[in-house]
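In what follows, a structure is listed as structure tokens, so that the remarks can point back to it.
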Amino acid sequence: MSAPVPTRIHYHQKARELELGYADGTSYRLPAELLRVFSPSAEVRGHGPDTAVLQVGKKDVGLKNITQAGRYALKLHFDDGHDSGLYSWDYLYEMARHQEQWWADYLRRLEEAGASREPTTITIKEL
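For the sequence shown, the working numbering begins at 10 and goes up steadily by one.
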């Protein structure tokens, strides 16, 4: 079964959350950090189950741009320079519906690795 296609997409810049609204009236807000650390790109997911790269220091990441990729996905352009990977409607819907579990898993993996969500460098944003 295919996921529904959002009828409304809005980025809340201050909250750094992508809101997806659906025809049935449901809506989900996905934090940019969650979207970034679970990017569907090969750079993040790797080329197999044991090659995924844990993303660290992404607490303050935001989106610079959002573009549609055909009729099936979004391409998200993050302010840390990451812009590979296409977020299909199915992937976004799955993430939205299970974001609490995905987030808990991410925090557990960070803790196991002794890593942090906090950036390790000073971020200078464009003026």
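All C-beta atoms in this analysis are idealised placements derived from N, C-alpha and C, irrespective of residue type, glycine included.
Quantities reported herein were computed from a predicted structural model and do not represent experimental measurements.
Go to Leu-101, then tell me how far its alpha helix (DSSP H) extends in each direction, as first and last residue.
Looking at the DSSP string, the run of the alpha helix (DSSP H) that includes Leu-101 is 98-106.
Is it right to say Gly-90 is buried, meaning 16 or more other beta carbons lie within 10 angstroms of its own, or is it exposed?
So Gly-90 counts as exposed.
In whole angstroms, what separates the C-alpha of Gly-55 from that of Gly-94?
Rounded to whole angstroms, Gly-55 to Gly-94 spans 11 Å at the Cα level.
Less than 9 Å between the C-beta atoms of Pro-128 and Lys-73, yes or no?
No, these two residues do not count as a Cβ contact at 9 Å.
According to the Cβ coordinates, are Val-53 and Ala-122 closer than 9 Å?
No, Cβ-Cβ distance for Val-53 and Ala-122 is not below 9 Å.
Beta carbon of Glu-42, beta carbon of Val-62: below 9 Å?
No, they are not a contact pair.
Out of Pro-49, Gln-22 and Ile-18, which one is the CA nearest neighbour of Tyr-100?
Residue Pro-49 is the option with its Cα nearest to Tyr-100.
Where DSSP assigns a beta bridge to Arg-17, which residues make up the other side?
DSSP, once it has assigned bridges, lists Gly-30 as partnering Arg-17.
Just reading off the beta strand (DSSP E) that Ala-82 is part of, what are its end residues?
Here the beta strand (DSSP E) through Ala-82 covers 82-87.
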